[in-house]
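J.: Residue numbers (the numbering used here): 730 to 807. The structure follows.
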């Protein structure tokens with residue numbers, strides 16, 4: 730499970746970075762990465778506690794990261 734958690738953090742960081750590079754968000758690199766990692770951690774623990782999943786852990790990390798970027802409003806979005 731430790732490797733799954735580390736992979737979740739890496740994938741979430743990549744999603745946060747790519748969201749800024751592509752212009753999907755305008756939060757700033759660090760803020761987007763923090764939002765994505767937080768959302769991925771939250772869903773990782775929900776997956777462990779309740780068994781809720783969309784599929785493989787990598788897909789869960791991508792979906793939860795994008796979902797966190799959409800849900801969390803910030804002042805820097807245009």
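Here a beta-carbon is modelled for each residue, glycine too, at the ideal position from N, C-alpha and C. Values in this document were obtained by computation on a predicted structure and should not be read as measured data.
Within 10 Å of its beta-carbon, does residue 791 have 16 or more other beta-carbons around it, so buried, or fewer, so exposed?
T.: Working through the chain shown from its first residue, we reach residue 791 at position 62. Burial call: buried.
J.: In angstroms with no decimal places, state the Cα-to-Cα distance between residue 775 and residue 802.
T.: Walking along the chain shown from the start, residue 775 turns up at place 46. Walking along the chain shown from the start, residue 802 turns up at place 73. Cα to Cα, the separation comes out at about 22 Å.
J.: Have a look at 740, 731, 799 and 752 and flag the residue whose alpha-carbon is nearest the alpha-carbon of residue 769.
T.: As a first step, residue 769 must be located in the chain shown, where it is residue number 40. It is 740 whose Cα lies nearest to the Cα of residue 769.
J.: For chain D, check one thing: does any of its Cβ atoms lie closer than 8 Å to the Cβ of residue 749?
T.: In the structure shown, chain D cannot be found, because there is only a single protein chain.
J.: Please report how far the alpha carbon of residue 730 lies from the alpha carbon of residue 754, in whole angstroms.
T.: Translated into the one-based positions of the chain shown, residue 730 becomes position 1. Translated into the one-based positions of the chain shown, residue 754 becomes position 25. Cα to Cα, residue 730 sits roughly 31 Å from residue 754.
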